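Worksheet: the structure to be examined is printed underneath.
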Amino acid sequence: MSIQKNLNNIKSSLPEHVTLVAVSKTKPVSDLMEAYEAGQRIFGENKIQEMTAKWEEMPKDIQWHMIGHVQTNKVKYMAPFVSLVHGVDSFKLLKEINKQAKKNNRIIDCLLQVHIADEETKFGLDEKELEEILKQLLDSARSDNNVFKNVRVVGLMGMATFTEDQNQIKKEFEYLKSLFEKCKRHFDSAQCDNIKLKTLSMGMSGDYELAISCGSTMVRIGSSIFGNRNYAK
Ligand SMILES: *Cc1c(COP(=O)(O)O)cnc(C)c1O
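The following block contains the structure:
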């Protein structure tokens, strides 16, 4: 199967309200260009250095999504161009993104990553930490001196447990969807420029159909488009 065929198959199976992020980590630019030629414009990477190198080399109408864990000291490298940061898992990181966005005269869209899996290894906020960050943003937006003008939280992101148990995965996706709806109710987007909750990023190659049935609006698909990666990332 070619990259173009894989991509077209997946795209034709996605409902219209679901955005496809083509996860191209570890893949060479030639593979990404094949997807680009087939019309794909949103690519997801999990290493800032790799994403920056690809951004420099590739057409400038591509939207680059950072889907991996972000170290605060590397935010500056992606701040000039990144279009969505999926893995914001601390207030400290959000502050740094805001600072670097300001330097670049930009507003950077972010998703708050929620820990929904059973595994300790996956990153993310718990419900309390999530609400705390949103509250801080809201308070700031309502104050006379909004220091968080350069970030906008546009939704939530989560990764389910790596398991064959569909029931467990479903429960985790449903939990994230319910948190998303709860946050939308509590943090009425109309009142605050830097909270506009519209994106729910969940679902990868193995579980995106289930994720969509649970309310996902953005799927991150790598191996089903580009083939298996040579080393685990
Ligand atoms: C690698 C990765 C994906 C894509 O995984 P596939 O199983 O290859 O589709 C999605 N989301 C994140 C956060 C990833 O790191």
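In case it helps, our numbering puts the sequence shown at residues 541 to 773.
The C-beta atom is built at its ideal place from N, Cα and C for all residues, glycine as well.
Just so you know, these numbers come straight off a predicted model, no measurement behind them.
Per DSSP, GLU749 is not a residue of any beta strand (DSSP E); the alpha helix (DSSP H) it occupies stretches across 748-753. With fewer than 16 other beta carbons inside 10 angstroms of its own, ARG581 counts as exposed. By the neighbour-count criterion, in which 16 or more other beta carbons inside 10 Å mark a residue as buried, HIS557 falls on the exposed side. Taking the C-beta atoms as reference points, GLY743 is found nearer than 8 angstroms to VAL759.
Under the three-state reduction of DSSP, SER553 is assigned to helix. Membership of VAL759 in the beta strand (DSSP E) is indicated by the continuous run 758-761. Collapsing the DSSP output to three states places GLU714 in a helix. For MET573, the distance from the CB to the nearest heavy atom of ligand 1 is not below 7 angstroms. Relative to the Cα of GLU672, the nearest Cα in the group PHE663, LEU652, SER683, THR661 belongs to LEU652. Judged by beta-carbon spacing, LEU674 lies within the 8 angstroms limit of VAL693, meaning their Cβ atoms are closer than that value.
With a cut-off of 7 angstroms, the C-beta of LYS565 is classified as near ligand 1, since at least one heavy atom of the ligand falls inside that distance. Here the C-alpha atom of THR701 lies approximately 42 angstroms from the C-alpha atom of ASP684. Minimum Cα-Cα distance from ASN613 among the listed residues LYS642, LYS545, LEU633 corresponds to LEU633.
Within its own chain, the residues whose Cβ lies closer than 6 angstroms to the Cβ of TYR617, once the five positions on either side in sequence are excluded, are ILE588, THR592, listed in chain order.
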